[in-house]
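Engineer: For reference, the structure I am asking about is given below.
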Amino acid sequence: MRPLITALGLIAAWEALVWLTGLPPYILPPPSRVAVVLVQRFDLLVEQAAWTASEMLLGLALGLVLGATLAVIFAASAAWRRWALPLVIVSQAIPVIAIAPLLVLWLGYGMASKVAMAALVIFFPVVSSLYDGLRRTDPGWLELARTMNAPPRAVLLQIRLPAALPAFASGVRIAAAVAPIGAVIGEWVGASAGLGFLMTQSLARGQTPLAFAALTILCLLGLALYTAADRFARRLVPWQSHQGD
Amino acid sequence: MRSAHIVLDGHVVAENLSLDFAGGRTTCLLGRSGVGKTSLLRHLAGLLPGTEAAGPVAYMAQRDLLLPWLSVLENVLLGYRLRRDGAARRAAEPRARALLAEVGLGARLQDLPHTLSGGMRQRAALARTLCEDRGIVLMDEPFGHLDAVTRLDLQDLAARLLQGRTVVMVTHDPLEALRLGHEIRVLSGMPFSVGPVIAPPGAVPRDPSDATLLALQARLIGELRSGA
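Residue numbers (numbering that gives the first Met the number 0), protein chains in the order written: chain U, 0 to 244; chain X, 0 to 227.
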């Protein structure tokens, strides 16, 4: 409840600022104007939001699957760890924004380049969180499994993987939080649809209130995605809130 | 065990150690904290680097080590699950259920471990250890962190269920050794040496208020103190 009051207070302050300074709406539109545009152009906004949401969800799915697979491979194989793990870490030194134009060049203005972008941003937190979790299995469990003559594969799948789920759950939360960044950057660089595309288009035409309306929808989209991911992450580890007692 | 050298983090814990354990009986290895009891047990379990288990062993550590995502029943059947032997698992399930009923968890088969109390969790771990049905049972202070009354209850239960098995249990509690051990051996020194066999009279679990037992306890405490 309290954050909501804070938010309402900030919106009121914003409205007052515009009213007092007399800033033109193409520089800073008052929230009331943004709300009007939000209602008037609702169909357009929903259409573009659906596009961006698809990019984010596909990117999230792709990034999660690729990241989780690679983390398991790294945990299972010392050769992969030696040959490929340093590369994965170094790849994070390349700013995603810098390769966005390349992705658009290779994959086109459509959805594919944005999905690839989102997947790239998501990939690293997923790999590192799950791989970390897979390495930090309680040694007691591993020793117990050894006295039970468990084969390494069973130890990985039955003990190390479930034990890493809490770490993976944090990775999923971070992934959901950064997924919109990937999708929107892709749309800024070159796109034919989406909320990011709508923002660049409307700003270029001086339709700042529409850009703000798109931004508002984008915030809500990000929030919804994070909430959904958080729910999913909680369901992965029903025992976790009770751990450590 | 023959001519064993036990080294832990560069320190020699025991040198040229040979020990015989009576088959079908419980041997308690008694020693102060840090003497190397756990290392000895881990040596027997084949858990120290460069060691092999003496044979098929069931190992019960100080912590219950229940997997939090598996039900109590699945935890008890963990060994069969890990070995991926479906037939053996199906064959063992009635025994797992019977064992859990014996340790008083018959109504909690499908519950997750975090819903159980500390004593219940340790009882589930005991059931898991016995369900493995191995020739040798190794126990590392299995009741060390339980409250005194729960510990006594669990000792009674363990003595009943471990009957006829070859058990090596390490403990720092003289009373626990005296209640459960057919044979007791005191570990002392650095590197440690193992004292002669002490075989208290009477069947296990022995009554903790028995006068002979209390006299022996005083003697053991004396030995532990002087040996340090």
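C-beta atoms are modelled at their ideal positions from N, C-alpha and C, and glycine is treated no differently.
Note that the structure is a prediction, hence the values are computed from the model and not measured.
Would you report the Cα separation of Leu72/X and Val102/X, rounded to the nearest angstrom?
Structural biologist: Computed Cα separation, rounded: 12 Å.
Engineer: Is the stretch 200-214 of chain U close to the stretch 136-149 of chain U, with three or more CB pairs under 8 Å?
Structural biologist: Touching, no, given that fewer than three Cβ pairs across the two stretches are closer than 8 Å.
Engineer: Compare the C-alpha of Met18/X against each of Val185/X, Glu222/X and Arg224/X and name the closest.
Structural biologist: Note on identity: in this sequence residue 18/X is Leu, with Met being the wrong assignment. The option with the nearest alpha carbon to Leu18/X is Val185/X.
Engineer: Thinking C-beta only, is Met138/X closer than 9 Å to Thr128/X?
Structural biologist: For Thr128/X and Met138/X, yes; Cβs fall inside 9 Å.
Engineer: Alpha carbon to alpha carbon, how far is Val236/U from Leu194/U? Give it in angstroms, no decimals.
Structural biologist: Distance between the alpha carbons of Leu194/U and Val236/U: 34 Å.
Engineer: Show which residues of chain C have a CB atom less than 8 Å away from the CB atom of His42/X.
Structural biologist: No chain C appears in the structure shown, which is made up of the protein chains U and X.
Engineer: When you compare the CB of Val56/X with every CB in chain U, is at least one pair closer than 9 Å?
Structural biologist: Chain U, which has a Cβ nearer than 9 Å to the Cβ of Val56/X, makes this yes.
Engineer: Is it right to say His229/X is buried, meaning 16 or more other beta carbons lie within 10 angstroms of its own, or is it exposed?
Structural biologist: The structure shown has nothing for residue 229/X, since chain X only spans 0 to 227.
Engineer: Taking the alpha-carbon positions, what's the Ser127/U to Ala70/U distance?
Structural biologist: If you take the alpha carbons of Ser127/U and Ala70/U, they lie about 7 Å apart.
Engineer: Check the Cβ-Cβ distances between Gly45/X and every residue of chain U, and say whether any is below 9 Å.
Structural biologist: Yes, because at least one Cβ of chain U sits closer than 9 Å to the Cβ of Gly45/X.
Engineer: Return no unless some Cβ of chain U is closer than 9 Å to the Cβ of Leu215/X.
Structural biologist: No, Leu215/X does not count as interfacial toward chain U.
Engineer: Return helix, strand or coil for Asp139/X, following the three-state DSSP convention.
Structural biologist: Note: Asp139/X maps to strand in three-state DSSP.
Engineer: So the candidates are Val89/U, Leu217/U, Gln39/U and Asp229/U; which of them puts its Cα closest to the Cα of Val183/U?
Structural biologist: It is Leu217/U.
Engineer: Give a yes or no on whether 9 Å exceeds the smallest Cβ distance from Ala144/U to chain X.
Structural biologist: Yes, its Cβ sits closer than 9 Å to a Cβ of chain X.
Engineer: Considering only the beta carbon of each residue, do Ala149/U and Leu81/X sit closer than 9 Å?
Structural biologist: The answer is yes: Cβ separation under 9 Å.
Engineer: Between which two residues does the alpha helix (DSSP H) holding Ser76/U run?
Structural biologist: Segment: none, Ser76/U is in no alpha helix (DSSP H) and carries neither H nor E.
Engineer: For a contact defined as C-beta to C-beta under 9 Å, what are the partners of Leu76/X on chain U?
Structural biologist: Chain U residues near Leu76/X: none, gap ~11 Å exceeds 9 Å.
Engineer: Given this structure, state the Cα-to-Cα distance separating Asp155/X from Ala78/U, to the nearest angstrom.
Structural biologist: Going by the C-alpha atoms only, they are around 51 Å apart.
Engineer: Is the stretch 19-28 of chain X touching the stretch 160-178 of chain X, taking contact as three or more C-beta pairs under 8 Å?
Structural biologist: Taking 8 Å as the limit for Cβ pairs, the verdict is that the stretch 160-178 of chain X does touch the stretch 19-28 of chain X.
Engineer: For Glu182/X, list the residues DSSP reports as bridge partners.
Structural biologist: Beta-bridge pairing links Glu182/X to Thr26/X.
Engineer: I'd like the ranges of any alpha helix (DSSP H) spanning at least 4 consecutive residues and lying wholly in the stretch 75-151 of chain X.
Structural biologist: Here the runs fully enclosed are 77-82, 85-101 and 117-130.
Engineer: If you reduce the DSSP assignment to three classes, tell me which class Leu69/X lands in.
Structural biologist: DSSP places Leu69/X in coil when its eight states are reduced to three.
Engineer: Taking a cut of 7 Å between CB atoms, which residues from the stretch 152-169 of chain X lie near chain U?
Structural biologist: Listed in sequence order: no entries.
Engineer: In the stretch 91-126 of chain U, which residue ranges form an unbroken alpha helix (DSSP H) of at least 4 residues, counting only runs that do not cross its ends?
Structural biologist: Listed in chain order, the complete alpha helix (DSSP H) runs (minimum 4 residues) inside the stretch 91-126 of chain U are 95-106.
Engineer: How long is the line joining the alpha carbons of Arg218/X and Arg178/X, rounded to whole angstroms?
Structural biologist: When rounded, the distance between both Cα atoms is 15 Å.
Engineer: Would you list, in chain order, the members of the stretch 88-104 of chain X that have their beta-carbon closer than 9 Å to a beta-carbon of chain U?
Structural biologist: Going along the stretch 88-104 of chain X in chain order, one finds no residue with a Cβ nearer than 9 Å to chain U.
Engineer: Do Ala178/U and Gln239/U have their C-beta atoms closer together than 9 Å?
Structural biologist: Contact flag unset, no.
Engineer: Give the residues of chain X in contact with Ala153/U, contact being defined as C-beta atoms less than 9 Å apart.
Structural biologist: In chain order: Arg80, Leu81, Arg82 and Arg83.
Engineer: Helix or strand or just coil, what does DSSP make of Ser32/X?
Structural biologist: Correct three-state label for Ser32/X: coil.
Engineer: Indicate whether at least one CB of chain X lies closer than 9 Å to the CB of Pro150/U.
Structural biologist: Closer than 9 Å to some Cβ of chain X, the Cβ of Pro150/U qualifies, so yes.
Engineer: When you compare the stretch 36-56 of chain X with the stretch 196-213 of chain X, are there three or more beta-carbon pairs, one atom per stretch, that lie closer than 8 Å?
Structural biologist: No: fewer than three Cβ pairs fall under 8 Å.
Engineer: Quick check: the Cα distance between Ala11/U and Pro29/U, rounded to an integer number of angstroms?
Structural biologist: Ala11/U and Pro29/U: Cα-Cα distance of roughly 9 Å.
Engineer: Could you list which residues in chain X have their beta carbon closer than 7 Å to that of Gly139/U, in chain order?
Structural biologist: Those within 7 Å of Gly139/U in chain X are Ala60, Arg62 and Leu64.
Engineer: Quick one: is Pro173/X buried, meaning 16 or more other Cβ sit within 10 Å of its Cβ, or exposed?
Structural biologist: Under this definition Pro173/X is a buried residue.
Engineer: Whose C-beta lies closer than 8 Å to the C-beta of Arg228/X among residues of the same chain, with five residues either side of it excluded?
Structural biologist: Not covered by the structure: residue 228/X. The range shown for chain X is 0 to 227.
Engineer: Using the three-state DSSP reduction, which class does Tyr25/U fall into: helix, strand or coil?
Structural biologist: The answer is coil: DSSP assigns Tyr25/U none of H, G, I, E or B.
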